[in-house]
Amino acid sequence: MIYLDHNATTPLLPEVREAMLPWLGPHYGNPSSVHRAGRLARQAIDTAREQVAALVGAQPGELIFTSGGTEANNLALGLADSLAGPLITSGTEHSAVLEPAIARRQAGRQVVILPVDREGRLSPEDLAQALRPGALVSLMWANNETGVIHDLARLGGLARQAGAIVHSDAVQAAGKLAIDFAGAEVDLLSLSAHKIYGPKGVGALLRRRSVALPPMQRGGGHEHHLRAGTENLAGIVGFGVAAEQAAARRERRAAHARALRGQLEAGLQAMPQISIVAPGAPRVDNTCQFIVAGFHSEALLMALDRRDIAVASGSACHAGTGKPTHVLLAMGYDEAAAHGAIRVSIGEQNSSRDIDDFLAALRDILHQPRPAFAAGLFGA
Amino acid sequence: MSARYPDKVWKFFREPKRAGRFTDGRGVRTGRAGTPASHAQLQLQLRMSGDGRIEEALFQALGCPYLIATGAWLCAHVTGRRGESVRDLDGQAIVEQLQLPAVKRYCAVMAREALEAALDAPADTTPASAGTGNDDE
Amino acid sequence: MIYLDYAATAPMREDAIEAMRRCLGADAQFANPSSYHAPGQAAAQLVEQARERFAALIGAQPGEIIWTSGATEANNMALLGGAAFHKDRGRRIALARTEHKSVLDPCRQLAGQGFKLDWLDTDSEGRIPPEAVESALKDDSLLLSAMLVNNETGVVQNIPEMAGLCAERGVLLHVDAAQALGKLPLDCQRWEVSMMSFSAHKFGGPKGVGALYLRGKPPVRVQPLVFGGGQERGLRSGTLAVHQIVGMVRAAELAEAARESEFQRLAGLRQRLWKSLREALPRIRLNGSEGAQSPHVLNVSFEGVDGEALRADLTGLAVSSGSACTSEQAESSYVLRAMGRSDALADASLRFSFGWPTTEKDIAEAARQVIATVRRLRALAPDWEEAA
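Chains as they are written, first to last, in the numbering used here: chain C, 3 to 382; chain V, 282 to 418; chain W, -18 to 369.
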C-alpha cells in the first residue's frame, strides 16, 4: 500500500509504541492515586507534559491534555461563552472549530466568519474590521486540506493589540513548522498526537495562564480543573515521545516532504486537467491539494484505492457525506471544482518511488475511457 | 522513605521516640492541645527536676504524620533544657525544622500550646498513673 | 506493594493488551476510521465490530453505543447533553450526594443554569430507598441519575426498581455503571434505563476510553458537547481511537466471561478481609450494605486514628480513601459523610478494592499490615485507652 494521507492520521512510530506498552501492561496506576503506582503514573504524565510543551516552546504548566484535537478546539472555543465580544474565525477552519462556532451562532452569540481569498489567505483589514474588545479569534495555523499557513504573527498580533484572545488550531502545523508558543501571538493552541506519529485519542490545549478558561468536562479536578476524567495514560506517554521525535526530526521531515512534493507537483503540472490549490500561498511542506477538472474525487479515490493507494479528497471527517469540502468553497471554488479535489499528504516513510507510482496511477486513471469517472455520474 | 513527607518528618512518624506517657506520674506535668472534636490532639508530659530542668519528655498524638513528628521533635528539643528557656519556643523554628507546609502550620501552634500548658500545669502528686503506659489499649 | 485499589484503576488483561498491540503495530490498521480509502474502512470496520460486541454484552443494540474518552465524558454528555436536549420536558434532576464527581459537578453546573436538583437521601448503608425516589420525583422532573455500584463503598442500587418508578412518571434514568461491568449482570434493554455510562479501565481495558449507552426505543437524545467532524452520528466528534476501543471491548468480553466465578471469589476474599479486621480491631465500622454489595469493594472506618496518618503508614499497601479523583484534596469522603458518618470516621477510612489478580495471600498480608498500623497509631493517641 502507498499511504499518502498523513494529514488524516499517521502510523505510530515504533519508538512511540514501545514507550506506550509498559503503560498498558505493568504500570497501571491511576495518576490521581497517592500510592506508589499512582505516583509513577503521575510522573510519566509530567514527563510527557514537558515533552509536548517543548515541541511548541511552551511551559508544561500551560498544557491541558484532552482526548484529541477536536476536544481541544471545542474547549478553547468554550471561552467565547465567558467573553463579551464576538467569536471571529475563518471559513477555512477545521469543522472542529467551525461547528462549535456555528452552534454558538445558533444559540444567539455573535459569530463572524471571515472570508479568505482564492489562496486561502485572510486579509488583515477584514480581521481588523471585525475586531471588538473581548473577542475570541480562532484561526488555524495550517490548513488540513490545502496546507495553507495563516500569518499568525501578523493576524494574531493585530487581534491581541485590539484586546482579543487568540486561539490557533495547530493540529496540522505542529511538528511541521517551528512553533514558539512563548513568543507567538496566540493565547491558546490546539494539538493532536495522531497527526505527529502518536496515538489516536489524545491531544492537548495550551493556554496562557492569564486566560481563564471554563472547563467543558467536569468532575474530578484533573488537569488544573479544566478537563476532568482519568488520564489516557499510555496515550499521553505516546504523545510525549511522538512530540520529542517530532521536534528532533522536524527539519529532516520537512526537507523530505518538500522534495517529494516538488516531485509530485512537477508531475501534476504536466497534466492539463489538474490545477494545484493555493500554489502561491505559504503551505506546510507535506500537503498538496489539487483539482482534477471534470472528475469526481470519490471516483478517483475509489480507482486509486483499487491500486492500493490511499489519498483523500478533503478532510477525513467529510468522507462519505457526498458534500464537497467547505474549505474550497470558502476559497471561491464552485461546487463542481470542489468535487474534483484530491489531497496528497506526505509522511516520513514515503519515498520518491511512491510519488512516481502515484503519478503513474493517476495518469492511467485519467486516460481511461471517460464515462466511468465523469462527474455527472456521481451527481455533483 | 516517602515521597510525600520530608525525611525528618517521615523518620519521626515511623519511629517516634519518646512516644507514650509516664507510668509513674509523680512529678510529671501534663499539657494538652486540641480537643477530640477538632480531631487533632497533642499531649506533652514533662518530668522536671527541682531546679526546673526538663529531665524527660513524652508525647502522644492523634493526628497526621506532621503532628506526630512535631510531638516527637518537641520532646527531643526540650529534653535537658530548662523549662523557662523553652517557654518562648519559636513556632517558626518548628515550621522550618520539619518543613511544615502552610496547611500544616497548626502543628507548630499546637506544639506551643501543649508546651505552655505542660509548663504551667501543677506537678502530679499521685504515686502512679492509672494508665498502662506505652502499651496497646 | 500489594495493590488493592482496583476501583481506582485495574491492570489491563493480557488479551486486551494483545488486541491493542495489533492495532498499534507497523503493519496494522492505523488509518483514520473516517477515511474513505480501504485502510480507513478497515479501521472503521474494527470499530463497528467492537460496537456490536460491546452492545451484546450489555443488552443493547449497536446503534445505541457512543464511544467516549471515558466515564467522565459519558456522564457529562448524559447530564449536560441530556438536560440541554430535553429541557422542555422538565427542569428538575434527582440524584444522591453519593454520586461520583463526574455526575455531581455537571449537575451543579446545571443548577447554575436554572435546573433544580432534588437530593435523594441514602440510608446509613448508602442505599437509596424507593420512598426517597418516589418523593423526589415531581411533575417537572426531567432526569434521575444513579450509580449502579458506588465507587467508594461498592453499594449497589436497585436500578430496575428505579427504572420502573421513572418510567411511570416519564422521567429519564441515567445510570453510571463505571464500576459495574464485569461485577454485575447488565441489561440495558430489559431494565428500561435511558442512558448508561461505562469506563474501560475499571474492567481491564485501557484508560482514556469509555462509552455511553443511549436508548434507541423510545429514542433518548443528547445535545453534543463536542462538535466538528460528525463522528458517532454527530453526537461525539473527534477521530476515533481504534486501538482504545478494541482494547476496551476485548477486556469487557473477558470480564463478562469471568463475571460469575469472579463474583463468588471476590466475595470470599472480601469476607475474609472484613473478618480478619473485625476480629483483631475493636471499634471499626463497615461502610457498605451487606444486602446490596459489589464484592470488589470493602470500605472500613477506624475509630481513634487519623486518616492521613493511617494511609501514610500503610507503605506496603496501595489502597485509597474515597475516590482517586479527590485524593489531591484533604477533605474527607463526601460519600461517607452523606451516609451519616462523622467527619472523623469519614476521614479515617480505607477503601480496599479487589480485582482478578487479587489472591488470598494479598488479603492476609493486607490484613496484617492494617492491623499493625491501626494498633500502632491508636497507641500513640492520647485518649485511646480511656475511650476504649
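From the three backbone atoms N, C-alpha and C, an ideal C-beta is built for every residue, glycine too.
Check: Contact list for H358(V) against chain W, beta-carbon separation under 9 Å; Outcome: Residues of chain W passing the Cβ test: none, with the nearest at roughly 18 Å.
Check: Residues in the stretch 320 to 349 of chain W having any Cβ partner in chain C nearer than 8 Å; Outcome: none
Check: Within-7 Å CB hit, H37(C) to chain W; Outcome: yes
Check: Coarse secondary structure for D294(W), derived from DSSP in three states; Outcome: helix
Check: Host alpha helix (DSSP H) of E267(C) (start-end); Outcome: 235 to 271
Check: C-beta atoms of F183(C) and V58(C) nearer than 7 Å; Outcome: yes
Check: Three-state secondary structure (DSSP) of S302(W); Outcome: coil
Check: Proximal chain V residues relative to E289(W), where beta-carbon distance stays under 9 Å; Outcome: G344, C345, P346, Y347
Check: Beta-carbon proximity list for P403(V), same chain, < 8 Å, skipping 5 on both sides; Outcome: R310
Check: Buried versus exposed, by CB contacts within 10 Å (16 or more), P358(C); Outcome: Per the sequence shown, the amino acid found at residue 358(C) is Asp instead of Pro. Result: exposed.
Check: Rounded distance between the beta-carbons of Q219(C) and N57(W), thought under 8 Å; Outcome: 5 Å
Check: CB contact check: P363(W) to chain V, cutoff 7 Å; Outcome: yes
Check: CB contact below 7 Å: A300(V) versus chain W; Outcome: yes
Check: Proximity to Q322(V) [Cα-Cα], best of D369(V), E394(V), K292(V); Outcome: E394(V)
Check: Residue of L368(C), L306(C), V204(C), R106(C) minimising C-alpha distance to G240(C); Outcome: V204(C)
Check: Test: Y199(C) CB closer than 7 Å to a CB of chain W; Outcome: no
Check: Contact between the stretch 90 to 105 of chain C and the stretch 197 to 211 of chain W (3+ Cβ pairs under 8 Å); Outcome: yes
Check: Cross-chain neighbours of Y286(V) in chain A, by beta carbon under 8 Å; Outcome: Protein chains in the displayed structure are C, V and W, and chain A is not among them.
Check: Identity of the residues DSSP links to W100(W) by a beta bridge; Outcome: L76(W)
Check: Neighbour flag for P326(C) against chain W, beta carbons, 7 Å; Outcome: no
Check: M333(C) versus L361(C), D7(C), V243(C), A283(C), residue with shortest Cα-Cα distance; Outcome: A283(C)
Check: Three-state secondary structure assigned by DSSP to Q163(C); Outcome: helix
Check: Minimum C-alpha distance to A172(C) - residue among R162(C), G149(C), A338(C), Q163(C); Outcome: G149(C)
Check: CB contact below 7 Å: T79(W) versus chain C; Outcome: no
Check: Secondary structure, beta strand (DSSP E): runs of 3+ residues fully inside the stretch 355 to 383 of chain V; Outcome: none
Check: Between the CA atoms of R72(W) and S122(W) - distance to the nearest angstrom; Outcome: 6 Å
Check: C-beta atoms of L193(W) and V174(W) nearer than 7 Å; Outcome: no
Check: Contact with chain C by P87(W), beta-carbon distance below 7 Å; Outcome: yes
Check: Unbroken beta strand (DSSP E) run spanning N205(C), endpoints; Outcome: Here residue 205(C) turns out to be Gly, not Asn, going by the sequence shown. Its beta strand (DSSP E) spans residues 205 to 209.
Check: Interface residues of chain W facing P297(V) [CB-CB closer than 9 Å]; Outcome: L361
Check: Under 7 Å between C-beta atoms of A361(V) and A389(V); Outcome: Here residue 361(V) turns out to be Gly, not Ala, going by the sequence shown. No, they are not a contact pair.
Check: Neighbourhood of R266(W) by C-beta, 6 Å cutoff - its chain only, sequence neighbours within 5 removed; Outcome: S282
Check: Members of the stretch -17 to -4 of chain W that neighbour chain C once the beta carbon cut-off is set at 9 Å; Outcome: Y(-16), D(-14), A(-11), T(-10), A(-9), P(-8), M(-7), E(-5)
Check: C-beta neighbour in chain W for Q326(V), strict 7 Å; Outcome: no
Check: V114(W): first and last residue of the uninterrupted alpha helix (DSSP H) it sits in; Outcome: 111 to 117
Check: Distance between beta carbons of P33(C) and R51(C), contact taken as under 8 Å; Outcome: Contact flag wrong, Cβ pair sits at about 11 Å.
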